[in-house]
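Below is one structure; the comments refer to it alone.
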Amino acid sequence: MTAPGSAYKIVNVPELYADEIQRYGVEGKFVSDEDSPWVPFGDNAAIKHLAFDVRNNTFSNILWIKSPGVIGTHKHRGTVVMLCLEGSVRYLEYDWVAGPGGFIYETPGQTHTLVTDHPDGVKLFGWLNGAIEFYDEDANFLETCDVWWYINHYESYCREHGIPINKELYI
Ligand SMILES: [Fe+2]
Numbered sequence: 001m002t003a004p005g006s007a008y009k010i011v012n013v014p015e016l017y018a019d020e021i022q023r024y025g026v027e028g029k030f031v032s033d034e035d036s037p038w039v040p041f042g043d044n045a046a047i048k049h050l051a052f053d054v055r056n057n058t059f060s061n062i063l064w065i066k067s068p069g070v071i072g073t074h075k076h077r078g079t080v081v082m083l084c085l086e087g088s089v090r091y092l093e094y095d096w097v098a099g100p101g102g103f104i105y106e107t108p109g110q111t112h113t114l115v116t117d118h119p120d121g122v123k124l125f126g127w128l129n130g131a132i133e134f135y136d137e138d139a140n141f142l143e144t145c146d147v148w149w150y151i152n153h154y155e156s157y158c159r160e161h162g163i164p165i166n167k168e169l170y171i
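In UniProt numbering, the protein residues as written are 1 to 171.
Given below as structure tokens:
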């Protein structure tokens, strides 16, 4: 194949398992920018929740740190994919800096401390799996953030502000 078809039309392609997909398939989702609020995360950050997958302990969001700041030391128990949308971000533990378009891949067992030095902070799209364990500056365990934490973070804010829960976020 040199290139995909270019006809500007919906094409009904053959599907051997249409019945099974009809019975067991799950609809895709769409969340527009206005469909999910910025939920405060500490004094200098906010999270726009995009997806919650309770079967796989997977969640997606945009993390916005609004000015130079830190997200404390944390350990991953799953795999994280992130893309820097605006500003810049780095980890104290590594020697790279991610700017817009920078792709970040994190794996189970990694422990690191997220920093933005950019005057406008950073916006980071993330697709995250598994628990994230946060620690204080003396390495004492603080809290586990998993899909249930993220759902609670979103729904608590919606309840407090009279915002309807958007079912499109629950994949
Ligand atoms: Fe991380």
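Here a beta-carbon is modelled for each residue, glycine too, at the ideal position from N, C-alpha and C.
Original post:
Is the stretch 138-147 close to the stretch 45-63, with three or more CB pairs under 8 Å?
Top reply: yes
Original post:
Just to confirm, does L114 get its C-beta within under 7 Å of one of the non-hydrogen atoms of ligand 1?
Top reply: Position 114 of the sequence shown, counted from the start, is the residue given in the question as residue 114. For ligand 1, at least one heavy atom lies less than 7 Å from the Cβ of L114.
Original post:
If you run the structure through DSSP and keep just helix, strand and coil, what is Y170?
Top reply: One-based indexing of the sequence shown puts residue 170 at position 170. Here Y170 sits in strand by DSSP.
**OP:** Return yes when the C-beta of E106 is under 7 Å from any heavy atom of ligand 1, and no when it is not.
**Re:** Reading the sequence shown from its first residue, position 106 is the one you call residue 106. Yes, the beta carbon of E106 sits closer than 7 Å to at least one heavy atom of ligand 1.
Original post:
Is G5 buried or exposed, if buried means 16 or more other CB atoms sit within 10 Å of its CB?
Top reply: Within the sequence shown, numbered from 1, the residue matching residue 5 stands at position 5. With fewer than 16 Cβ atoms within 10 Å of its Cβ, G5 is classed as exposed.
**OP:** Could you spell out the range, first to last residue, of the beta strand (DSSP E) harbouring D19?
**Re:** Position 19 of the sequence shown, counting from 1, holds the residue named residue 19. D19 -> not in any beta strand (DSSP E); alpha helix (DSSP H) instead, spanning A18 to Y24.
**OP:** With DSSP as the reference, label W64 as helix, strand or coil.
**Re:** Your numbering for residue 64 matches position 64 in the sequence shown. Strand.
Subject >> Range of the contiguous alpha helix (DSSP H) that encloses R55 >> reply: Residue 55 sits at position 55 when you count from the first residue of the sequence shown. Segment: none, R55 is in no alpha helix (DSSP H) and carries neither H nor E.
Original post:
Measuring from the CB of V31, is there a heavy atom of ligand 1 at a distance below 7 Å?
Top reply: The sequence position of residue 31 within the sequence shown is 31, counting from 1. No, since every heavy atom of ligand 1 falls outside the 7 Å radius drawn around the Cβ of V31.
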